[in-house]
Structures are given as C-alpha cells and as structure tokens.
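**Student:** Handing you this structure, nothing more for now.
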Amino acid sequence: MEILVKPIVTEKVTKQSEVLNQYGFVVERRANKVQIKKAVEAAYGVTVVSVNTMNVRPDRSTKYTKSGMIHGKTNAIKKAIVEIAEGETIDLYNNNI
229 MEILVKPIVT EKVTKQSEVL NQYGFVVERR ANKVQIKKAV EAAYGVTVVS VNTMNVRPDR
289 STKYTKSGMI HGKTNAIKKA IVEIAEGETI DLYNNNI
C-alpha cells in the first residue's frame, strides 16, 4: 500500500507551508496518522510534529444532454496536513523521489 499518493499544490497550502510550516498530501484512504508520519519522514527526511487528516466526500453532478440526464461523481479522497519541525522544509517542486 503506497501511503502518499501526491502532494497538494494550491495557493492555500502553499501559504500554509510558508507561514505555518504545514504541507498537504493526498494519502491512501486506509492510512492512519502514524503510517502517514512515517511515510513523510522516510520520503522527505524531515521530522514530523503533527498530522491532521480529513476525508473528502465525492462530489456528485448531473448533466442534461440530448440523450437524457447523466449522473456522475468524483472519487472520495483522504487529505493529510502535515506540520514539520521548525527550520525544516520540503521541496515539492523538485523531482527527487
């Protein structure tokens, strides 16, 4: 089971990384906080202070077309906001993994 799926690179998370030293990741839905902490420490070589997780529900949508209504939804994901120790950084823009 691959714990870290991908980093979250948005304006809000980028600002959190600059100000609060917190980084966001999309993680495996069955992963717990201890597994996420170990995966981030192993992948990036930093010390993790805390991990906050959230389950994001799927978004449902309906499209009206010539052939009728089409229903769809996105996948449910789990996000993790990881706070690392003061003075350490994670370079998400470099492909070193």
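The working numbering numbers the first residue of the sequence shown as 229 and each following residue consecutively.
By construction, the Cβ of each residue, glycine as well, lies at the ideal position given by its N, Cα and C atoms.
Note down the Cα distance separating Leu248 from Glu311, rounded to an integer number of angstroms.
**Tutor:** 8 angstroms
**Student:** How long is the line joining the alpha carbons of Val233 and Phe253, rounded to whole angstroms?
**Tutor:** 7 angstroms
**Student:** Quickly, what does DSSP pair Gln250 with across the bridge? List them, please.
**Tutor:** DSSP lists Glu311 as partners of Gln250.
**Student:** In three-state DSSP terms, what is Thr317?
**Tutor:** Coil, per DSSP.
**Student:** Please give the ranges of any alpha helix (DSSP H) in the region 236-296, keeping only runs that are unbroken, at least 4 residues long and fully inside the region.
**Tutor:** 239-247, 261-272
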